[in-house]
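Protein chains: 2
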Amino acid sequence: MIKQVAVVGGTHGNEFTGIYLLKKWEAEPKVITRPSFNTETLFANPQAFSQNKRYVEHDLNRCFDQRHLEDDSLTSIEQVRAKEINALLGPKGQPRIDFIIDLHTTTSNMGPTLLITQKGAFYNQLAAYISMEMPEVIISCDEDHKANEDHHFLSSISKNSVMVEVGPVPQSVIRHDVFEASEVMTHHILDFIELYNQDAVPALPETTDAYRFIKSISLPVNDDGSRNGMIHKDLQDKDFTEIKPGQPLFLTFDGEVVTYEGEKSVYGSFINEAAYYDNNLAMSLLEKITLKTY
Amino acid sequence: MIKQVAVVGGTHGNEFTGIYLLKKWEAEPKVITRPSFNTETLFANPQAFSQNKRYVEHDLNRCFDQRHLEDDSLTSIEQVRAKEINALLGPKGQPRIDFIIDLHTTTSNMGPTLLITQKGAFYNQLAAYISMEMPEVIISCDEDHKANEDHHFLSSISKNSVMVEVGPVPQSVIRHDVFEASEVMTHHILDFIELYNQDAVPALPETTDAYRFIKSISLPVNDDGSRNGMIHKDLQDKDFTEIKPGQPLFLTFDGEVVTYEGEKSVYGSFINEAAYYDNNLAMSLLEKITLKTY
Numbered sequence: 198m199i200k201q202v203a204v205v206g207g208t209h210g211n212e213f214t215g216i217y218l219l220k221k222w223e224a225e226p227k228v229i230t231r232p233s234f235n236t237e238t239l240f241a242n243p244q245a246f247s248q249n250k251r252y253v254e255h256d257l258n259r260c261f262d263q264r265h266l267e268d269d270s271l272t273s274i275e276q277v278r279a280k281e282i283n284a285l286l287g288p289k290g291q292p293r294i295d296f297i298i299d300l301h302t303t304t305s306n307m308g309p310t311l312l313i314t315q316k317g318a319f320y321n322q323l324a325a326y327i328s329m330e331m332p333e334v335i336i337s338c339d340e341d342h343k344a345n346e347d348h349h350f351l352s353s354i355s356k357n358s359v360m361v362e363v364g365p366v367p368q369s370v371i372r373h374d375v376f377e378a379s380e381v382m383t384h385h386i387l388d389f390i391e392l393y394n395q396d397a398v399p400a401l402p403e404t405t406d407a408y409r410f411i412k413s414i415s416l417p418v419n420d421d422g423s424r425n426g427m428i429h430k431d432l433q434d435k436d437f438t439e440i441k442p443g444q445p446l447f448l449t450f451d452g453e454v455v456t457y458e459g460e461k462s463v464y465g466s467f468i469n470e471a472a473y474y475d476n477n478l479a480m481s482l483l484e485k486i487t488l489k490t491y
Numbered sequence: 198m199i200k201q202v203a204v205v206g207g208t209h210g211n212e213f214t215g216i217y218l219l220k221k222w223e224a225e226p227k228v229i230t231r232p233s234f235n236t237e238t239l240f241a242n243p244q245a246f247s248q249n250k251r252y253v254e255h256d257l258n259r260c261f262d263q264r265h266l267e268d269d270s271l272t273s274i275e276q277v278r279a280k281e282i283n284a285l286l287g288p289k290g291q292p293r294i295d296f297i298i299d300l301h302t303t304t305s306n307m308g309p310t311l312l313i314t315q316k317g318a319f320y321n322q323l324a325a326y327i328s329m330e331m332p333e334v335i336i337s338c339d340e341d342h343k344a345n346e347d348h349h350f351l352s353s354i355s356k357n358s359v360m361v362e363v364g365p366v367p368q369s370v371i372r373h374d375v376f377e378a379s380e381v382m383t384h385h386i387l388d389f390i391e392l393y394n395q396d397a398v399p400a401l402p403e404t405t406d407a408y409r410f411i412k413s414i415s416l417p418v419n420d421d422g423s424r425n426g427m428i429h430k431d432l433q434d435k436d437f438t439e440i441k442p443g444q445p446l447f448l449t450f451d452g453e454v455v456t457y458e459g460e461k462s463v464y465g466s467f468i469n470e471a472a473y474y475d476n477n478l479a480m481s482l483l484e485k486i487t488l489k490t491y
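So the protein lines, in turn, are chains B and A. Residues in the first sequence are numbered consecutively from 198, following the working numbering. Residues in the second sequence are numbered consecutively from 198, following the working numbering.
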């Protein structure tokens with residue numbers, strides 16, 4: 198039974214959509230509550246927002262593994278904020294909040310995507326329900342192979358959680374279409390939790406198409422480690438479409454086309470995501486999977 | 198006769214396209230020189246780039262009016278950098294550089310746009326030439342009604358200049374298509390200068406379709422001045438298309454549609470440009486014009 202839900206926005210300070218959705222919901226809280234549970238909101242990183250940056254010192258969404266939360270010597274703005282949020286919603290391990298919905302956006306052409314980081318019947322049914330109610334949503338899985346306490350996402354504070362990830366939208370911009378898709382998807386997730394709580398989940402499709410994270414790949418670099426290329430235009434905006442062996446991935450600034458050299462087809466996500474440039478990452482590679490609902 | 202050209206990138210530190218184009222050209226300088234003139238490159242705001250921001254303290258592209266350049270009490274990072282750049286390329290009034298091409302990008306769906314800030318036969322012919330060679334380029338004029346010394350753009354250091362403005366691309370991202378369009382447009386501008394210098398400009402179309410800046414308009418705000426709305430989805434990505442009286446411009450977060458209340462149709466540019474949020478601007482409004490080549 199899920200009794201306490203938290204909807205979180207602004208975990209990244211320059212992802213405006215969640216931040217303004219929170220303002221909207223805070224003005225009319227009843228639209229995000231349901232009969233069987235309470236919902237609260239949390240603006241996770243207002244300091245980063247006020248500086249119009251993803252984060253001030255550390256990416257807040259990498260600060261929530263148990264070891265970091267317990268280490269009093271970690272005192273950056275985000276490390277301190279993570280401890281505050283853990284006190285507000287957690288503590289991790291014995292959390293007050295049963296379910297976190299963390300709202301994110303991406304500069305990549307991922308459309309409305311539901312990011313699932315855990316396995317289980319609840320998630321397979323949620324994926325089937327969301328796909329049925331909002332067929333344009335992509336289900337993208339990166340299920341935790343490590344213990345939840347070692348997980349660094351904000352959403353790992355609660356035992357169950359999802360991330361809503363919608364794009365494309367530039368950093369520090371609100372797009373009406375992305376705003377609306379994030380809003381509608383969140384409502385469907387809340388509706389599903391209500392149905393689940395009430396033991397009233399309707400008949401769902403037997404299977405759901407989804408993608409599963411394999412690995413991230415990097416942009417080309419020079420011998421000195423400096424960036425030497427960009428996503429090839431044939432791949433730009435082609436999130437969740439097939440990448441075949443031999444297909445162009447990158448164009449270097451000196452004009453060389455770098456192709457995909459894997460043995461079998463994969464799919465990309467977070468293709469040319471602005472925030473990935475910090476670590477010179479180009480995209481995530483995924484495999485296509487089928488989730489069985491029952 | 199134009200003898201010295203400067204191609205400038207990174208006037209805004211999070212507009213990566215110009216910065217990486219400069220790296221490419223600096224590795225092979227001959228591609229941007231022509232027989233009748235020399236071309237040099239300038240990376241205008243490396244400090245902002247290293248912080249992954251448009252600017253550190255002040256927008257560098259608002260720091261070049263004569264009064265600011267001569268005021269030694271102005272000591273922010275960009276105010277100091279403006280004086281350095283003025284010494285390198287100028288000094289304004291008697292500049293060493295005859296022509297500046299300043300490379301910019303926008304998060305708006307403006308496609309490849311040539312921004313012209315001066316009137317004259319040279320510019321009308323340049324507009325006609327670029328439109329002939331690269332028909333997808335939009336010509337957008339905001340001709341200076343004030344003396345050049347009062348103009349605050351970096352490009353106002355030289356007597357003649359243009360800005361290359363290409364989108365959509367998120368801040369802090371390189372898109373291959375935007376990179377390529379910026380590169381090709383710059384080459385055409387350099388080719389035109391060469392033809393002009395050699396008195397060899399070919400026969401050009403008699404007229405060129407263009408747009409002229411009228412005014413900027415703001416996003417909706419609450420009584421306390423805080424932002425209360427976003428660009429309506431029907432207008433998003435519709436730069437340089439007609440905005441008719443009565444058409445939706447904005448949606449407020451409480452659900453009200455705000456329409457365009459002008460008496461005659463206009464056209465938008467910089468629609469939902471991320472950098473405009475600092476001043477809560479929504480877009481520029483333009484009128485359609487025809488430039489006569491001769």
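All C-beta atoms, glycine included, are put in the ideal place defined by N, C-alpha and C. Fair warning: this is a prediction, and the values are worked out from it, not measured in the lab.
Within chain B, the residues that residue i reaches when beta carbons sit closer than 7 Å
| i | result |
| --- | --- |
| Ile371(A) | Met427 |
Contact with chain B by residue i, beta-carbon distance below 9 Å
| i | result |
| --- | --- |
| Ile243(A) | Inspection of the sequence shows that residue 243(A) is occupied by Pro rather than by Ile. No, Pro243(A) lies away from the interface with chain B (no Cβ there is under 9 Å from its Cβ). |
| Gln444(A) | no |
| Phe376(A) | yes |
| Thr471(A) | Note that residue 471(A) is Ala in the sequence shown here, rather than Thr. Yes, contact with chain B. |
| Arg424(A) | yes |
| Lys227(A) | no |
is_contact[residue i, chain A] using C-beta, thresh 9 Å
| i | result |
| --- | --- |
| Pro309(B) | no |
| Lys435(B) | no |
| Lys250(B) | yes |
Option in the options with minimal Cα separation from residue i
| i | options | result |
| --- | --- | --- |
| Gly210(A) | Ala407(A), Gln368(A), Thr404(A) and His373(A) | Gln368(A) |
| Pro232(A) | Thr238(A), Gly206(A), Met198(A) and Trp222(A) | Met198(A) |
| Gly287(A) | Tyr408(A), Thr383(A), Ser352(A) and Ser481(A) | Ser352(A) |
| Asn258(A) | Arg424(A), Pro399(A), Glu333(A) and Val205(A) | Val205(A) |
| Arg372(B) | Val253(A), Leu432(A) and Val463(A) | Leu432(A) |
| His301(A) | Ser481(A), Glu484(A) and Ala472(A) | Ala472(A) |
| Leu312(B) | Asn357(B), Asp295(B) and Glu281(B) | Asn357(B) |
| Glu340(A) | Val361(A), Trp222(A), Ile411(A) and Lys289(A) | Ile411(A) |
| Glu484(B) | Gly443(B), Asn419(B) and Ser413(B) | Ser413(B) |
| Lys461(B) | Lys441(B), Thr230(B) and Gly364(B) | Lys441(B) |
| Ala400(B) | Ala325(B), Tyr217(B) and Asp262(B) | Ala325(B) |
| Tyr457(A) | Leu416(A), Asn425(A) and Asn476(A) | Leu416(A) |
| Glu502(B) | Phe213(B), Glu212(B) and Thr238(B) | No information on residue 502(B) is available, as it lies outside the stretch 198 to 491 that chain B covers here. |
| Gly426(A) | Lys430(B), Glu377(B), Asn394(B) and Leu448(B) | Glu377(B) |
| His385(B) | Val334(B), Ser270(B), Tyr252(B) and Gly422(B) | Val334(B) |
| Thr272(A) | Gln263(A), Asn321(A), Glu254(A) and Leu218(A) | Glu254(A) |
| Asn419(B) | Phe240(A), Thr208(A), Lys220(A) and Arg409(A) | Lys220(A) |
| Glu470(B) | Ala479(B), Tyr464(B) and Val463(B) | Ala479(B) |
| Met360(A) | Leu323(A), His342(A), Thr230(A) and Ser423(A) | Leu323(A) |
| Gly465(A) | Gly317(A), Gly308(A) and His342(A) | Gly308(A) |
| Asp388(B) | Gly207(B), Leu218(B), Glu212(B) and Ile229(B) | Ile229(B) |
| Val363(B) | Glu346(B), Lys430(B), Arg409(B) and Ile336(B) | Ile336(B) |
| Gln395(A) | Ile274(A), Phe234(A), Tyr252(A) and Thr383(A) | Phe234(A) |
| Ile191(B) | Val381(B), Gln291(B) and Pro365(B) | The first residue shown for chain B is 198 and the last is 491, placing residue 191(B) beyond what the model contains. |
Interface partners of residue i on chain B, CB under 8 Å
| i | result |
| --- | --- |
| Lys430(A) | Arg372, His373, Asp374 and Glu377 |
Cβ-based contacts, 7 Å cut-off: residues of the region 209 to 223 of chain A near chain B: Listed by position along the chain: Tyr217, Lys220 and Lys221.
Short-range partners of chain A found in the region 447 to 469 of chain B, where Cβ spacing is below 8 Å: Listed in sequence order: Leu448, Phe450, Asp451 and Asn469.
Near-chain A residues of the region 277 to 305 of chain B - C-beta to any C-beta below 8 Å: The residues in question are Thr304.
Within 7 Å of chain A by C-beta, residues of the region 472 to 484 of chain B in sequence order: Cβ proximity to chain A below 7 Å picks out Tyr474 from the region 472 to 484 of chain B.
Members of the region 348 to 369 of chain A near chain B, C-beta cut-off 7 Å: Taking 7 Å as the Cβ-Cβ cut-off against chain B, the residues of the region 348 to 369 of chain A that qualify are Pro367, Gln368 and Ser369.
Inside the region 340 to 410 of chain B only - beta strand (DSSP E) runs reaching at least 3 residues: Listed in chain order, the complete beta strand (DSSP E) runs (minimum 3 residues) inside the region 340 to 410 of chain B are 357 to 364.
Within the region 399 to 476 of chain B, ranges of the beta strand (DSSP E) (whole runs, at least 3 residues): The region 399 to 476 of chain B is shown to contain whole beta strand (DSSP E) runs of 3 or more residues at 404 to 415, 426 to 428, 445 to 449, 454 to 456 and 463 to 466, in chain order.
Minimum length 3: unbroken beta strand (DSSP E) runs contained in the region 276 to 304 of chain B: Correct list: 296 to 302.
Entirely enclosed alpha helix (DSSP H) segments - the region 229 to 280 of chain A, minimum 4 residues: Listed in chain order, they are 243 to 247 and 263 to 267.
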